[in-house]
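Data first, discussion second: the structure below is written as structure tokens.
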Amino acid sequence: MTPLTFLGRIARLQIQRAPLKTGQKPEQRYEPSALLAVEALTLTPQGAEARGPDGARLLDVHHARHPQTRQNDGENALSVGFTAHYARMRERFGEQVRLGCAGENILVETGEAVAPEQAAGGFVIETAAGRRVRLGRVLVAAPCRPFTRYLLQPGAEPDRLKDGLQFLDGGLRGFYVSLLQAEPAVVSVGDTVYLAGR
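Taking this note's numbering, the leading residue of the sequence shown gets 414, the next gets one more, and so forth.
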């Protein structure tokens, strides 16, 4: 059995109802207003979905069936981030860095940053009912220029943009993951998250 290491509890769940990058390259802008925080998220091999305030089924923009899907062959169907990473971003870029603004589906409350080598074995979420949900095929979510410009605020010089991109790389921007089971799984705010050994 794979050894598990306690990581933290889910602090926030959210979906991207529409793309967060608008406009045409190289002038794309990052706008996080399409993010919607939810109490429970349904994870599927195709991506994340949730119920909106009116009870309607909503697909994340990285879900394969979203009409504006941003999914890349399943590699970025789901994403995970950490509160400790946001603390580091806030120290670097300022108070405008809000929890979840990078658009991750699952945000975990952690006291320390999670390095790529720690995340490489994947994650296990244990629900309140005791069900275990395995997330694997972990990839570093590389930062993009529009998100980095958003953090730097308008008018950032090119060297600051380059430094910002380097700072956000290496997992600080979070990780893409895949659901390692065929059947959908519902996770909720407060569920426990573990690092899975390799």
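Glycine included, C-beta positions come from ideal geometry on N, C-alpha and C.
It should be emphasised that the depicted structure is a prediction, and the values quoted were computed from it without experimental measurement.
| Asked | Found |
| --- | --- |
| Supposed contact pair Phe536 and Ala609 - C-beta distance, whole angstroms, cut 8 angstroms | 6 angstroms |
| Option nearest Tyr443 by Cα separation, candidates Leu574, Asp576 and Arg558 | Arg558 |
| Range of the contiguous beta strand (DSSP E) that encloses Gln427 | Leu417 to Gln429 |
| Exposed unless 16 or more other CB atoms sit within 10 angstroms - verdict on Ala469 | exposed |
| Exposure of Asn518, with buried meaning 16 or more beta-carbon neighbours within 10 Å | buried |
| Anticipated Cβ contact below 8 angstroms, Tyr589 with Glu440, distance rounded | That pair is no contact at about 26 angstroms. |
| Residues near Ala595 in its chain [Cβ-Cβ closer than 7 angstroms; skip 5 each side] | Pro458 |
| Neighbourhood of Ala477 by C-beta, 8 angstroms cutoff - its chain only, sequence neighbours within 5 removed | Gln459, Gly460, Gln484, Gly487 and Ala490 |
| Delimiting residues of the alpha helix (DSSP H) encompassing Gly577 | Pro571 to Leu581 |
| Under 8 angstroms between C-beta atoms of Val606 and Arg425 | no |
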